[in-house]
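Okay, so here's the structure we're looking at.
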Amino acid sequence: MGDESSKAGNMNPSHPYYVHHSDQPGHMLVPIKLNGANYQSWSKAMIHALTAKNKLGFIDGSLQAPSQEEKPTEFALWNQCNSLILSWLTHSVETDMAEGVIHAKTEYQVWSDFKDQFSQKNAPAIFQIQKSIATISQGSMSVASYYTKLKALWDELENYRDPCTCDHAKAHQEQLQEDRLMQFLMGLNESYKGVRSNILMITLLPNVRQAYSLVIQEQTQRQLSSEPESTENFTIAANVQSKASGIKNTKTCDHCHRSGHTIEEYTTYTLQLEGEY
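As structure tokens, then:
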């Protein structure tokens, strides 16, 4: 690397040695701190953050330190980035683990140590994730919240799995998608049994994302049709009651603008309907 390309003032923003003025040593790059048990999710978040800053080569070993004697200017730039990333790592781990980062010479050494310590197969963690997947159900959650929670469990489990690269990789992926589809459908509330049956009747089964979209459409359709139906039923009930009593009903609702009830009575009735579901 020539001297001109090594000068910080002329540094291309896409260069690994480039440091933006907002890249401060005290920054915490990811919203979670490493505690050991969360290594899989923490390491993935850190990889995303460092890739975005074009600094991944410092931790995966692909960007080695240049010779301080032969390339002093380049070494100074590398060392600046090395210290910056070490500081980021220090602020991204729990306090009891920070001591080991502080005394490390390179971020690659720190990253390798963490990988050796925490990336091994964790049978208890896999068991707990599998158990959560097997027992999760929608319950009081919205469809969106239920799907998001289930997908997070799938992604977490995938961190412990080695990717399939053999000739049967495509078949394996198709089977995995079918398993996830069944898991998603099994956990839905019984109020969605209609759309669930329709999905299962499709000859070429959709993937879980497509099934989720169909369920969301069903949920949206219910929401659009529920209020007018509830209002109409309530108006009919109010008018019947008024006729039965022989008293002319002159009430008008400020919400739906129908006669026969007030907005207070409408609100009470709507809440009662929601309680039935």
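Residue numbering for the sequence shown follows the UniProt record's numbering, starting at 1 and increasing by one per position.
We put the beta carbon where it would ideally sit given N, CA and C, even for glycine.
Predicted, not measured: the structure shown is a model, and the values here were computed from it.
When DSSP states are grouped into helix, strand and coil, L205 belongs to the coil group. DSSP, read as helix, strand or coil, puts L34 in strand. Straight-line spacing of the CA atoms in K131 and Q68 works out to 53 Å. Of the other Cβ atoms in all chains shown, 16 or more fall within 10 Å of the Cβ of N82; this residue is therefore buried. Using a Cβ distance threshold of 7 Å, M28 and Y18 do not count as a contacting pair. V93 sits in a strand when the DSSP states are folded into three classes. Taking a C-beta distance under 7 Å as the contact criterion, Q219 and V101 do not qualify as a contact pair. For D116, the enclosing alpha helix (DSSP H) starts and ends at 107-118. Around the C-beta of G139, fewer than 16 other C-beta atoms lie within 10 Å, and the residue is accordingly described as exposed. In this structure, DSSP gives N159 a state outside helix and strand, which the three-state scheme calls coil.
Note that the C-beta distance between Y160 and I133 is not below 7 Å. Contact between V215 and L188 holds: their C-beta atoms lie close to 7 Å from each other, under 8 Å. Residues I133, R180 of the same chain have their beta carbon placed closer than 8 Å to that of W154, with the five preceding and five following residues left out of the count. Ranked by how close their Cα comes to the Cα of S43, the residues D116, L77, W78, S62 have D116 in first place. If you draw a straight line from the Cα of D167 to the Cα of E158, it comes to about 20 Å.
Counting C-beta atoms within 10 angstroms of its own C-beta, E156 has 16 or more neighbours from the protein chains shown and is therefore classed as buried.
Below 8 Å, too few C-beta pairs join the region 61-75 and the region 169-180 to call them touching: fewer than three. Across the set Q109, Y108, I136, S14, the C-alpha of I136 shows the shortest separation from the C-alpha of F184.
A contact between stretches requires three or more CB pairs, one per stretch, nearer than 8 Å, and the region 77-95 meets this requirement with the region 107-115. In the assembly as shown, L34 is a buried residue. Its beta-carbon has 16 or more other beta-carbons within 10 Å. Looking at A211, K55, I85, the one whose alpha-carbon comes closest to that of K193 is A211. In the displayed model, P124 falls within a helix according to three-state DSSP. Taken through DSSP and simplified to helix, strand or coil, G194 comes out as helix. In this chain, the alpha helix (DSSP H) harbouring Y39 covers 39-52.
Exclusion of the five residues before and after N122 leaves Y160 as the residues of its chain whose Cβ lies within less than 7 Å of its Cβ.
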